[in-house]
Amino acid sequence: LYADFFYLWSLRRVCVFFVSTQSMGSSGINAEYGHLQELQRLSESQQKHLQSLRQEIQDTNWARKKEHTEAGQRLQSLEGEWLELVGKNYSVERACGELEVEVERLERIRQEKMSQQLPDSSSDPVSGVE
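If you count by our numbering, then the sequence shown holds residues 139 to 268, one letter each, in order.
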């Protein structure tokens with residue numbers, strides 16, 4: 139788009155130069171008036187083109203702004219979801235740690251019961267008398 143602006147600016151300068159050189163070599167006011175009319179027509183045409191380019195730039199900027207706003211809202215939503223998942227993950231890890239402690243406690247109790255049920259090594263296995 140900026141190249142278009144440069145092109146329009148350059149074209150306008152060429153037109154002014156052309157009209158200036160032509161009017162110097164022409165005789166009479168009618169020739170100069172014709173050149174001025176042509177320059178006016180070119181100027182109006184280029185002004186319309188410039189206005190359409192400005193509108194296109196504005197539309198593009200609004201579209202980008204809308205996209206950026208929507209992306210920002212989506213990122214904010216995703217960040218909230220991420221924080222919630224991190225919290226849940228922490229709760230699961232804490233629950234797993236508590237379960238590991240409970241499993242170890244139950245394993246000790248089971249081992250204690252097993253050791254109490256085993257016959258004493260000093261007793262006679264056949265008669266059951268010590």
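A virtual CB, placed ideally from N, CA and C, is assigned to each residue, including glycine.
Arg150 is positioned such that its CB atom lies closer than 8 Å to that of Gln184.
A straight-line Cα-Cα distance of about 46 Å links Arg202 and Ala233. Taking the CA atoms as reference points, Ser215 sits about 10 Å from Ala209. Note on geometry: alpha-carbon atoms of Ser148 and Leu223 lie some 59 Å from one another. In the structure shown, Leu256 falls within a coil segment according to DSSP collapsed to helix, strand and coil.
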